[in-house]
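Student: Chains as they are written, first to last, in this note's numbering: chain A, 1 to 121; chain B, 122 to 242.
Every residue gets a Cβ at the ideal spot worked out from N, C-alpha and C, and that includes glycine.
2 protein chains.
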Amino acid sequence: MARAATTTDVFNAIAEPRRREVIGVLADGREYAVGEVVVRLKMPQPAVSKHLGVLRKVGVVSVIKRGQHRMYKLNAAELKPVHDWVKVFEQYWTHQLGQIKERAERKALERLVSDAKGEER
Amino acid sequence: MARAATTTDVFNAIAEPRRREVIGVLADGREYAVGEVVVRLKMPQPAVSKHLGVLRKVGVVSVIKRGQHRMYKLNAAELKPVHDWVKVFEQYWTHQLGQIKERAERKALERLVSDAKGEER
DNA sequence: TTGACATATGCTTATATGGGAATATATTTG
DNA sequence: CAAATATATTCCCATATAAGCATATGTCAA
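#1: I need the boundaries of the alpha helix (DSSP H) containing I23 of chain A, first residue and last residue.
#2: Against chain B, does K80 of chain A count as a neighbour if the rule is that its beta carbon must be under 7 Å from one of theirs?
#3: Are E199 of chain B and G180 of chain B touching if we call contact CB-CB under 7 Å?
#4: In chain A, what lies closer than 7 Å to E211 of chain B by C-beta?
#5: Rounded to whole angstroms, what is the Cα-Cα separation between T215 of chain B and K87 of chain A?
#6: At a CB-CB cut-off below 7 Å, which residues of chain B make contact with I14 of chain A?
#7: Any beta-carbon of chain B closer than 7 Å to the one on A77 of chain A?
#8: Once DSSP output is grouped into helix, strand and coil, what is the label at K186 of chain B?
#9: Please check if any C-beta of chain A sits within less than 7 Å of the C-beta of R124 of chain B.
Put into structure tokens, the structure is as follows:
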């Protein structure tokens, strides 16, 4: 059993970088035809259709037919669970700015150590 | 080529529900031994170790040896990219209407007001 | 050293899924 | 109807990865 399906869990849906790019195009709230997204992202049309299909199934976008076009529109409210989840941790970088650098350095050190012994998987 | 590896992309790392549960345990900022997480989540120990391993590689947690225990601690700063990305869409649900719609209505209202006063042209 | 405890690390297997190419399904226009 | 345009869908393939189980590694205590 793997993780929840991309068409079910919004966290998984946005885990795909190309899907975040698609969302980025729709981020202004306006409607976009598939072809417009294709041009803007220089992405193959089937890929765009598929990603939009996933986003539609998970509810992040909605679609309406207009002529021979299908206009996709962001349904940003579906992203709220992600925001709610991550917002809890906001305090850690807004209140402890001084420690961010330190943590970054520690992390880099740990990576060096783990890379030195083990490897990626 | 599939999506970026879970050990590389924090979006992908948190796409796994069990990993979000693990993060949830560490959310208070304190250190936790693997066994504590195992007990709290009632999850098999190897699973917890593996998930913590992924989170460590992506930088979301750090680990320190203490005796026979390995203490894991949240490195919340690594979640900031997620927060930054999703925060852009916050306006869509904090305002009852989307910003664009709202602005259109505000303009319409301003017109009504100015027309009523007989100002402007 | 031995044994108990804590954690990590192989394995294998099942499955989801993204990409690419080709094709199917509308929809509009001539 | 035929052609053009827009979009979706299907098929195949490669790969990532999570689960489960067994086992290895590491550390402390007696």
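Tutor: So, from the listed chains and residues:
#1: 17 to 26 is the span of the alpha helix (DSSP H), which, as asked, contains I23 of chain A.
#2: yes
#3: yes
#4: Within 7 Å Cβ-Cβ: H83.
#5: 14 Å
#6: F132
#7: So yes, A77 of chain A belongs to the interface.
#8: strand
#9: yes
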